[in-house]
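Protein chains: 2
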Amino acid sequence: MDSYRAFQQEFDLSMEALCRRILDRHQTTIRVRKAETAVANLGRIIDTTLTLANRKGFHSTSLRDLSEQSGLSMGALYSYFDSKDTLLLMILGQVVDAIQQVLTTPDVTTGGVENRLRALIARHVYLTERMGPWFVFAFMEAKAFSKQGRDMAIESELWTEGQLRDVIADGIAAGAFRPQDPTMAAALIKPMLQDWYVKRGKYRRRGVDPDGFVAALVQAVGAMLGSSPQPA
Amino acid sequence: MDSYRAFQQEFDLSMEALCRRILDRHQTTIRVRKAETAVANLGRIIDTTLTLANRKGFHSTSLRDLSEQSGLSMGALYSYFDSKDTLLLMILGQVVDAIQQVLTTPDVTTGGVENRLRALIARHVYLTERMGPWFVFAFMEAKAFSKQGRDMAIESELWTEGQLRDVIADGIAAGAFRPQDPTMAAALIKPMLQDWYVKRGKYRRRGVDPDGFVAALVQAVGAMLGSSPQPA
DNA sequence: AGATATATAGCGAGCGCTCGCTCGTTTTTT
DNA sequence: AAAAAACGAGCGAGCGCTCGCTATATATCT
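This is the structure in structure tokens:
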């Protein structure tokens, strides 16, 4: 898994696949019984929500706008969620779910520290590239979440940072990285990863693609941690 | 200027001083004539706005909440701004103003590249520490700004990144830093600087103070740019 | 100095409007 | 024809904002 193309073939993160998981997780609230119909309409709802919310904020997006743009009536929308807040939690929940799915696989947890670190960085960039609007949504609306949502976001954030910290700590113990505080190092790397989706437009304007960003980031992080040069 | 204490003595960024500048910039909209009264009440209004907006978002903060918490009536509020959007632009404008004030002084623009880079990093951290809630507000509400506000935010963002890029480019030319793309390097450093105020709580919980963060960041950035060790 | 007049600051009920959400009805599917 | 899904007018609550009014500070006149 060493390019964005390979990543896309390994993980199915299509709107359909994502909505199928959301349907699984919210079977009790979603009142539409036919899975095929439910997945299709969930896709339209969430696609529209992400577009409108990322343009002017979730709170400023009215359900009438959402109804009009998605082509479903007000009543139909309420067959898929029981409150606007639930819609928000559906999207956030799927973001957390996808993170777990992508960052918990052998490539990331085994092998040399250099490769584990590279895999962690690459997968994070590729995942946030593939699900860009979802991550922007989660990041921007985080403050407005209900307590349940905020706790979920913080936990997920700390989990990802913990993965980084563990790899760095292992690397220091193995003598691959210069001795330093692994928690602080992880804390500094995390925002660089987030920048890829928070400021996506800036990188697009400069012609930087996902693989280019991964290369630059791996290089920078390597230098920062004082890693010995990669074996040719 | 080599500590947060020294920074606070060099720059007056008290609520009173900031509001006095806001009053200057919005003389035409603010209908209260006595400067003393206006500055005092602007302080109450903005302090309350930052508190409420950073808790639940600016859009979700009603002017009735603001009125109740600040102790001014609805009518009195409208003597200080002519629309809720103007209130938002007042705060954003002062953030941009303060950035210019702090990052455009001899320390930052003269001397060796190592020192210029250190000064730039330190001042950014100290400024965002001193005006924490203002910066969090600007960052979180940026997407909801009117076009005027968004353009201001983007311009200010790019200006700061440009300052970083220039120092790095000078350093590469002088042989102090390893040859690399200064634009990409600056793009990766910026989010680390922003993390200080966006995730302020995380660092507080871990007992990291402004000077500690500056030290860690200068160290990390130095390694990342491949700077030669500092002269003792 | 005291009385009067004028300007300034603050007040808060109420306006028009949009919001999230409901529910009786209609359309589509089985 | 029964069940499932979609419809959309309408409800009450809460929004940004206004405006006729009161209270207080300042200026002017005897």
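Which chain is which? The protein sequence lines are W and C, in order. Counting from 51, one number per residue, gives the positions in the first sequence under our numbering. Counting from 51, one number per residue, gives the positions in the second sequence under our numbering. Idealized CB from N, CA, C, for every residue including glycine.
Where the alpha helix (DSSP H) containing residue i begins and where it ends
| i | result |
| --- | --- |
| residue 242 of chain C | 232-248 |
| residue 263 of chain W | 260-275 |
| residue 313 of chain C | Because chain C here runs from 51 to 282, residue 313 of chain C falls outside it and cannot be looked at. |
| residue 113 of chain W | 113-120 |
| residue 55 of chain W | 54-60 |
Where residue i falls: helix, strand or coil (DSSP)
| i | result |
| --- | --- |
| residue 73 of chain W | helix |
| residue 81 of chain C | coil |
| residue 251 of chain C | helix |
| residue 105 of chain W | helix |
| residue 67 of chain C | helix |
| residue 226 of chain W | coil |
| residue 93 of chain C | helix |
| residue 125 of chain C | helix |
| residue 256 of chain W | coil |
Residue i burial status per 10 Å Cβ neighbour count (16 or more: buried)
| i | result |
| --- | --- |
| residue 124 of chain C | exposed |
| residue 240 of chain C | buried |
| residue 245 of chain W | buried |
| residue 272 of chain W | buried |
| residue 208 of chain C | exposed |
| residue 188 of chain C | buried |
| residue 120 of chain W | buried |
| residue 232 of chain W | buried |
| residue 199 of chain W | buried |
| residue 210 of chain C | buried |
| residue 162 of chain C | exposed |
| residue 66 of chain W | exposed |
| residue 173 of chain W | buried |
| residue 166 of chain C | buried |
| residue 164 of chain C | buried |
| residue 215 of chain W | buried |
| residue 56 of chain W | exposed |
| residue 212 of chain W | exposed |
| residue 205 of chain W | exposed |
| residue 275 of chain W | buried |
Interface flag, residue i vs chain W, CB-CB below 8 Å
| i | result |
| --- | --- |
| residue 136 of chain C | no |
| residue 199 of chain C | no |
| residue 174 of chain C | no |
| residue 276 of chain C | yes |
| residue 206 of chain C | no |
| residue 8 of chain C | With chain C covering 51 to 282 only, the question about residue 8 of chain C has no answer from this structure. |
| residue 289 of chain C | Outside the displayed span of chain C (51 to 282) sits residue 289 of chain C, for which this structure offers no information. |
| residue 126 of chain C | no |
| residue 76 of chain C | no |
| residue 110 of chain C | yes |
| residue 107 of chain C | yes |
| residue 202 of chain C | no |
| residue 190 of chain C | yes |
| residue 84 of chain C | no |
Chain C contact for residue i (CB, 8 Å cutoff)
| i | result |
| --- | --- |
| residue 259 of chain W | no |
| residue 233 of chain W | yes |
| residue 196 of chain W | no |
| residue 115 of chain W | no |
| residue 254 of chain W | no |
| residue 157 of chain W | no |
| residue 282 of chain W | In this prediction, residue 282 of chain W has a pLDDT of 35, which is less than 50 and means its spatial position is unreliable; what the coordinates show is noted afterwards. It does not; no Cβ of chain C falls within 8 Å. |
| residue 242 of chain W | yes |
| residue 238 of chain W | yes |
| residue 270 of chain W | yes |
| residue 266 of chain W | yes |
| residue 220 of chain W | no |
| residue 273 of chain W | yes |
| residue 245 of chain W | yes |
Handout entry: In chain order, each alpha helix (DSSP H) run of at least 4 residues that lies wholly inside the region 128-194 of chain W
Key = 134-153, 156-159, 163-180 and 182-191
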